[in-house]
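Data block below; observations after.
There are 4 protein chains.
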Amino acid sequence: MSPGRKLRIGVLGPGATASDVVALAAEVGAEIARQGAILVCGGLGGVMEAAACGAKRAGGLTVGIVPGVDAGEANAFIDVPVVTGMGEARNILVVRSADAVIAIAGSYGTLSEIAVALKIGVPVVGLRTWVLRSPDGTEPPIIRAASPSEAVAKAIEVARS
Amino acid sequence: MSPGRKLRIGVLGPGATASDVVALAAEVGAEIARQGAILVCGGLGGVMEAAACGAKRAGGLTVGIVPGVDAGEANAFIDVPVVTGMGEARNILVVRSADAVIAIAGSYGTLSEIAVALKIGVPVVGLRTWVLRSPDGTEPPIIRAASPSEAVAKAIEVARS
Amino acid sequence: MSPGRKLRIGVLGPGATASDVVALAAEVGAEIARQGAILVCGGLGGVMEAAACGAKRAGGLTVGIVPGVDAGEANAFIDVPVVTGMGEARNILVVRSADAVIAIAGSYGTLSEIAVALKIGVPVVGLRTWVLRSPDGTEPPIIRAASPSEAVAKAIEVARS
Amino acid sequence: MSPGRKLRIGVLGPGATASDVVALAAEVGAEIARQGAILVCGGLGGVMEAAACGAKRAGGLTVGIVPGVDAGEANAFIDVPVVTGMGEARNILVVRSADAVIAIAGSYGTLSEIAVALKIGVPVVGLRTWVLRSPDGTEPPIIRAASPSEAVAKAIEVARS
Numbered sequence: 001m002s003p004g005r006k007l008r009i010g011v012l013g014p015g016a017t018a019s020d021v022v023a024l025a026a027e028v029g030a031e032i033a034r035q036g037a038i039l040v041c042g043g044l045g046g047v048m049e050a051a052a053c054g055a056k057r058a059g060g061l062t063v064g065i066v067p068g069v070d071a072g073e074a075n076a077f078i079d080v081p082v083v084t085g086m087g088e089a090r091n092i093l094v095v096r097s098a099d100a101v102i103a104i105a106g107s108y109g110t111l112s113e114i115a116v117a118l119k120i121g122v123p124v125v126g127l128r129t130w131v132l133r134s135p136d137g138t139e140p141p142i143i144r145a146a147s148p149s150e151a152v153a154k155a156i157e158v159a160r161s
Numbered sequence: 162m163s164p165g166r167k168l169r170i171g172v173l174g175p176g177a178t179a180s181d182v183v184a185l186a187a188e189v190g191a192e193i194a195r196q197g198a199i200l201v202c203g204g205l206g207g208v209m210e211a212a213a214c215g216a217k218r219a220g221g222l223t224v225g226i227v228p229g230v231d232a233g234e235a236n237a238f239i240d241v242p243v244v245t246g247m248g249e250a251r252n253i254l255v256v257r258s259a260d261a262v263i264a265i266a267g268s269y270g271t272l273s274e275i276a277v278a279l280k281i282g283v284p285v286v287g288l289r290t291w292v293l294r295s296p297d298g299t300e301p302p303i304i305r306a307a308s309p310s311e312a313v314a315k316a317i318e319v320a321r322s
Numbered sequence: 323m324s325p326g327r328k329l330r331i332g333v334l335g336p337g338a339t340a341s342d343v344v345a346l347a348a349e350v351g352a353e354i355a356r357q358g359a360i361l362v363c364g365g366l367g368g369v370m371e372a373a374a375c376g377a378k379r380a381g382g383l384t385v386g387i388v389p390g391v392d393a394g395e396a397n398a399f400i401d402v403p404v405v406t407g408m409g410e411a412r413n414i415l416v417v418r419s420a421d422a423v424i425a426i427a428g429s430y431g432t433l434s435e436i437a438v439a440l441k442i443g444v445p446v447v448g449l450r451t452w453v454l455r456s457p458d459g460t461e462p463p464i465i466r467a468a469s470p471s472e473a474v475a476k477a478i479e480v481a482r483s
Numbered sequence: 484m485s486p487g488r489k490l491r492i493g494v495l496g497p498g499a500t501a502s503d504v505v506a507l508a509a510e511v512g513a514e515i516a517r518q519g520a521i522l523v524c525g526g527l528g529g530v531m532e533a534a535a536c537g538a539k540r541a542g543g544l545t546v547g548i549v550p551g552v553d554a555g556e557a558n559a560f561i562d563v564p565v566v567t568g569m570g571e572a573r574n575i576l577v578v579r580s581a582d583a584v585i586a587i588a589g590s591y592g593t594l595s596e597i598a599v600a601l602k603i604g605v606p607v608v609g610l611r612t613w614v615l616r617s618p619d620g621t622e623p624p625i626i627r628a629a630s631p632s633e634a635v636a637k638a639i640e641v642a643r644s
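Read top to bottom, the protein sequences are chains V, L, X and B. 1 is the number of the first residue of the first sequence in my numbering; add one for each residue after it. 162 is the number of the first residue of the second sequence in my numbering; add one for each residue after it. 323 is the number of the first residue of the third sequence in my numbering; add one for each residue after it. 484 is the number of the first residue of the fourth sequence in my numbering; add one for each residue after it.
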C-alpha cells in the first residue's frame, strides 16, 4: 500500500438476495466508511447496492466495477463507476483492486471471486458464505466473521499487514 | 453448437499436481480426442499438459488459452495457443469456449473455473475435485464421475444436449 | 450520466514523454479538477502522472486503471487504483469509464485508445495528437484543441451532451 | 515460435465492408491456408468471414476469437471459436495470438488492432488500410502490400523472423 493512500476493502456478494443479507451488507459498507476505507464492489444491486448505500450514508467513497458497457448500470450509491464491458471477468478486477475482501452470502459469482482471491493471495473474510473442501480434505484459509463489525475489523487488520 | 462444428471439451486442473492425477488427465485428454472433440485448456503444465499430451497421442486437436503474453509458454502439445495477456482472467475464456468442462483435482484456479462455469451455465463434470456447500446448505450441480472415460462420456452427453 | 454523479474525464497519453507535454498534461489535470470532474487515466507515469498531479493539486479526485497486478505501480497522485492484471487491454477500460477523453501527444498505446473511443462512441478531444486518415480518405471525428483549457472545456461540453 | 507448431497469421478488418474488400479478404485467407499457416481472426462477418471462408476452401484451420458470450456468433467457417465475453477487448487477443497480422481496409476496430500490434511488437502488414501520422510527423512501421499474395508472403516472412 502506498503511504497516504486509503485502504480499499472489497465487498463480494450476490446481486439479488434476502433482506437479512441486505441488512448485513449495508452495515458492512457503513463500517468500511467509518474506518476511513474506500469501498470497492461490482457496482450492481443486492449486496453491492446495500454496501454502497451504507458506505455513502456514513460519508465514504464508493467504487463500482460494472460488467456491462454503460456506467448507468451502476447503482445510485456508486461515486466512481469503472466500466469494463467484460462481463463476469470483471469479478477479478474487484478482487485485485482491494487490499482485502469480505464475501457475504453466496452466489456462484461470489464463489468465483472467493476462489480468485485465494488464488492471487488477497485475504478473504467470510460472512455467512460458502464452505469449501478441497479434494485432499483441507479447507481454504477463509477468515470467518460472525458480524459486520467483526468482518470489517478483520478485513482492515489483514489489509494493513 | 453450429452444425458440423466439432464439440469442444474444456479440461480444468492445476498446473502442478501429483502423478496419479497426471495419469487421469492424460486419459481424459485421450478419450476426448477418441470421441472426436477438440480439447480446450489453459495451455500450461500439470493437468493441462497431460490432457493435451493424451489428446495429441490419440490424434486430436488441442487449444491452449494461456495467461501470459507469449505463445511460447504453451506446452508442447498445444496446436493452437491463444495468447491473452490477462493472467487469471483467462480462466473465464477457457470455460466460455467449451461446450462442457471436466474439472480434475483441485487448485484455487480450478475452483474459480468451476464457479464461473456454474455461474454462466456451462456444464461441469468433476473428477476428484472440490466439494462445495452454499450458505443455505445446498450443493451445486457438479456431475461427479469416477473415471476418465465416465467423465468424458458424461461431458459429451451434456455438451450435446 | 446519473444525476448527481460527477463527470469523469479520461486523459490518454504516453508513459514517457517530453517536458513540454508533461506541462500540458499537468494543466489538463488541474483544469479537470477545477471543473469538478473526476480524472480517469492509466495510472502510470508521463502524461498519466502529470495529469494526476495537476488534478490533486487542484483538489480533485483521481482514478488510475493500471495494467499490472499491483496497486503499487500506480503513481503517487492516484487516489483510487483499479488493478486489472490485463496489460494493454486495460486501455479499453480507461476509455469506457470516461464520459469523454482527452488524448495528449502520441504513443501507440494512445493511438489504440483513440481508436477504441471512436469505435465505441466516447467523444475524443485531441491535443497535439495523432493525425489519422482512413482508406477512403476521411478523417475520424477527433475534436482538436489548441490548449489545455480549451481541451477540457470541449471535453466537458461533449461529455454533458 | 515452438518448433513444429504451425505459424498463426491474424487477419484484421471490418465486419461489414464493400464487395471488393471481401474478395481481397477471401484471397488472403486462401493464401494463408496454402502456406500452411493457421488463420486467426475475430470470428464475425465481413473481412473475418471472407478470410475464414477462403482458408477453409483451401483446406486450412480457422480460429475465431469472438466478442460475445456465445460460440454461435462465430461465422460458419470457423473451426475453433474462442468465446471471450469481453467485447472490443477481444481485439487484443486476436493480435497477441498471431505471429503477424494483416490489416485489410479500415474500420475503427481495425485501427485499434493495428495500434495494439504496433504497441506490443506484432508485425503489421497493411492492405488498403489506415494512413497514420504521429504528432512528431513520423509514420508507424506498417508494411504495405499491394495484393493478397504479397500481403501473405510478407506476413509469413516477418512471422518467421
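We put the beta carbon where it would ideally sit given N, CA and C, even for glycine.
Around the beta carbon of X/E479, fewer than 16 other beta carbons sit within 10 angstroms, so the residue counts as exposed. Contact check for X/A359 and X/L329: beta-carbon distance about 4 Å, within the 8 Å limit, so the pair qualifies. Using a Cβ-Cβ cut-off of 7 Å, B/R579 counts as an interface residue toward chain L, since at least one Cβ of chain L sits closer than that to its own. Neighbours of V/G10 across chain L, judged by C-beta separation under 8 Å, do not exist; the nearest C-beta is about 15 Å away.
In the three-state scheme derived from DSSP, where H, G and I count as helix and E and B as strand, L/P309 is classed as helix.
Counted as a single uninterrupted DSSP element, the alpha helix (DSSP H) harbouring X/A373 occupies residues 369 to 379. A straight-line Cα-Cα distance of about 9 Å links X/F399 and X/G376.
Non-local C-beta neighbours of B/V546 in its own chain, meaning closer than 6 Å and more than five positions away in sequence, comprise V523, V563, ordered along the chain. By the criterion of a C-beta distance shorter than 7 Å, L/T245 is surrounded in its chain by I226, V227, P228, R251, L254, once the five residues flanking it on both sides are discounted. Residue pairing by DSSP puts L/R169 in a beta bridge opposite L/I199.
DSSP lists B/A586, B/R627 as the bridge partner or partners of B/G609. X/R450 belongs to the set of residues whose beta carbon lies under 7 Å from a beta carbon in chain B. If you compare the alpha carbons of B/G604, B/I625, B/P606 with that of B/V614, the shortest gap goes to B/I625.
A straight-line Cα-Cα distance of about 40 Å links V/A151 and L/I170. At a Cβ-Cβ threshold of 7 Å, V/A105 and V/T17 count as neighbours. In the three-state scheme derived from DSSP, where H, G and I count as helix and E and B as strand, B/V552 is classed as coil. Chain X has no Cβ within less than 7 Å of the Cβ of L/G233. Below the 7 Å Cβ cutoff, chain B contributes G570 as neighbours of V/V69, in chain order. For V/T62, the beta-bridge partners assigned by DSSP are V/L39. Membership of B/L576 in the alpha helix (DSSP H) is indicated by the continuous run 573 to 579. Judged by beta-carbon spacing, L/P301 lies within the 7 Å limit of L/L279, meaning their Cβ atoms are closer than that value. Residues of the stretch 266 to 298 of chain L with a Cβ closer than 7 Å to any Cβ of chain V, in chain order: A266, G267, Y269, G270, L272, S273, A276, V277, L279, K280, I281, R289, T290, W291, V292, L293, R294, S295, P296. For B/R579, the closest alpha carbon among the candidates B/G555, B/K539, B/V607 is that of B/V607.
The contact set of V/I65 on chain X, defined by CB atoms closer than 8 Å, consists of V404 in chain order.
From the beta-carbon of X/I414, the residues of chain B found nearer than 9 Å are M569, G570, E571, A572, N574, I575, S595. V/V83 is bridged by DSSP to V/V66. Note on B/D582: 16 or more other CB atoms within 10 angstroms of its CB, so buried under the neighbour-count rule. Taking a 10 Å sphere around the C-beta of B/T621, we find fewer than 16 other C-beta atoms and assign the residue as exposed. Within chain X, no residue has its beta carbon less than 7 Å from that of B/P631; the closest one is some 15 Å off.
With contacts defined by Cβ atoms closer than 7 Å, V/A51 and V/A25 form a contacting pair.
Contact residues of the stretch 21 to 43 of chain V toward chain X are I38 (C-beta to C-beta distance below 7 Å). By the CB criterion at 7 Å, V/L111 and L/A276 fall inside the cutoff.
Residue environment analysis places L/G165 among the exposed positions, since fewer than 16 neighbouring C-beta atoms fall within 10 angstroms of its C-beta. When beta bridges are read from the DSSP output, B/V614 appears opposite X/R455.
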